[in-house]
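The sequence shown begins at 264 in the working numbering and counts up by one. What follows is a short report on a single structure.
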Amino acid sequence: LMLRNPPHWMAPDTFQATLREMGYGGLYDYYSLPKTKGRQTCAGFAFVNFLKPEDAVRFQAEVREFWVPGAKKLRVRATVAAVQGREANEALV
264 LMLRNPPHWM APDTFQATLR EMGYGGLYDY YSLPKTKGRQ TCAGFAFVNF
314 LKPEDAVRFQ AEVREFWVPG AKKLRVRATV AAVQGREANE ALV
């Protein structure tokens, strides 16, 4: 899945902690939280590859109305990514 609008201050460890707190720890085999080139902050999108399609569907439904705590008017949205699977995503890096 591609996540749109994670806050710019989010770091990879914070992203993984958030996934664990939401109950998705251990249910994915790949994630990426790209950074901007200049400031080295979150670029405003992320990717997660869930091991089971039903977990991806559940996550997508759960974040549909997920508003980022401490970030006014910032809602995270999950959509199906163009590239699917851990190997295919790692090949792009």
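Note that beta-carbon positions come from the ideal geometry of N, C-alpha and C, so glycine has one too. Bear in mind the structure is a predicted one, so any value in this text is a computation, not a measurement.
Got a sec? Which residues, its chain only, sit under 6 angstroms from residue i by beta carbon, not counting five neighbours each side?
i, result
"Met273", "Cys305"
"Phe278", "Leu296"
State the CB to CB distance for the pair residue i and residue j, rounded to an integer number of angstroms; the pair is presumed to be in contact (CB under 8 angstroms).
i, j, result
"Val361", "Val339", "The chain is shown only over 264 to 356; residue 361 falls outside these bounds and no answer can be derived."
"Tyr291", "Asn312", "6 angstroms"
"Ala345", "Phe310", "Rounded, the Cβ-Cβ distance is 10 angstroms, inconsistent with contact."
"Tyr293", "Glu353", "7 angstroms"
Can you name, in chain order, every residue of its own chain whose Cβ lies under 7 angstroms from the Cβ of residue i, other than the five neighbours on each side?
i, result
"Lys298", "Thr304, Cys305, Ala306"
"Ala348", "Checking the sequence, you will find Gly at residue 348 rather than Ala. Excluding sequence neighbours, Gly348 sits near Asn312."
For residue i, is the classification buried or exposed, using 16 other Cβ atoms within 10 angstroms of its Cβ as the cut-off for buried?
i, result
"Leu264", "buried"
"Leu266", "buried"
Since residue i is in the alpha helix (DSSP H), which residue starts that stretch and which ends it?
i, result
"Ala280", "275-284"
"Arg321", "316-326"
Any idea which residues DSSP pairs residue i with across the strands?
i, result
"Val311", "Tyr294"
"Leu266", "Ala309, Ala341"
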